[in-house]
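Enquirer: Below are the structure tokens for one structure; questions will follow.
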Amino acid sequence: MEPTVYSKHFKGLENNMLLLDLSVPRNIEPGIEKLNGVELIDMDQLNNIQDETLAIRRKNIPKARTIINLHKNEFYDWVLMRDLSPVIQALHEKLHRYRTDELEQQKFRLSDEEIKRPIN
């Protein structure tokens, strides 16, 4: 099958040109990429890029699993804390009430100076 795009179409080209030949068989004249300012990408190159990309992605699967497991565990911890949050809040409020009640009871037994002293 004869190509439909020839190097003669790009003689004297002033701007750079990227040509994508997505045809099988190729539709652009072989060697056209040797012209100044012309870059040709064909299906073979695209397949090689795809294969390389797939290999890189497969190589990184263990790293991705590690990241997913880390965030999954953080998420589970967050869900657990979220479920416990009302209990923790209620406990905090109850302890605050105990402290306030105890201070009120002790207020009559302490001097003004002791009352004003900060509690550590």
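Residue numbers (this note's numbering): 3 to 122. Cβ coordinates follow ideal geometry from the N, Cα and C atoms, glycine included. Nothing here was measured: the structure is a model prediction, and the numbers come from that model.
Going by DSSP in three states, Val26 sits in which element: helix, strand or coil?
Expert: If DSSP states are grouped into helix, strand and coil, Val26 belongs with coil.
Enquirer: Please list the segments of the beta strand (DSSP E) lying wholly inside the stretch 72-110, counting only runs of 3 or more residues, in order along the chain.
Expert: The qualifying runs do not exist here; there are none.
Enquirer: Would you mind stating whether Pro64 and Ile30 have Cβ atoms separated by less than 7 angstroms?
Expert: Contact flag unset, no.
Enquirer: What residue range does the beta strand (DSSP E) around Glu41 cover?
Expert: Counting along the chain, the beta strand (DSSP E) containing Glu41 begins and ends at Val40 to Asp44.
Enquirer: Between Leu21 and Leu42, is the Cβ-Cβ spacing less than 7 angstroms?
Expert: Contact: yes.
Enquirer: Leaving aside the five residues before and after Met19 along the sequence, list all residues of the same chain whose C-beta is less than 8 angstroms from its C-beta, in chain order.
Expert: Excluding residues within five positions, the ones whose Cβ falls inside 8 angstroms are Phe12, Gly39, Val40 and Glu41.
Enquirer: So, for Met3: in the same chain, excluding its five sequence neighbours on each side, which residues have a beta-carbon less than 6 angstroms away from its beta-carbon?
Expert: Counting only Cβ-Cβ distances below 6 angstroms, and skipping sequence neighbours, we find Pro27.
Enquirer: Within its chain, find whatever has a CB closer than 8 angstroms to the CB of Ile34; leave out the 5 residues flanking it on each side and keep chain order.
Expert: Excluding sequence neighbours, Ile34 sits near Val7, Tyr8, Ser9, Phe12, Leu21, Val40 and Leu42.
Enquirer: Just the Cα atoms here: how many angstroms apart are Arg84 and Tyr78?
Expert: Roughly 10 angstroms between the two C-alpha positions.
Enquirer: Can you give me the start and stop residues for the alpha helix (DSSP H) that Glu115 sits inside?
Expert: Note, Glu115: alpha helix (DSSP H), Asp114 to Lys118.
Enquirer: Any heavy atom of the ligand HEM within a distance shorter than 6 angstroms of the CB on Gly14?
Expert: Of ligands this structure carries none, so the ligand HEM is not represented either.
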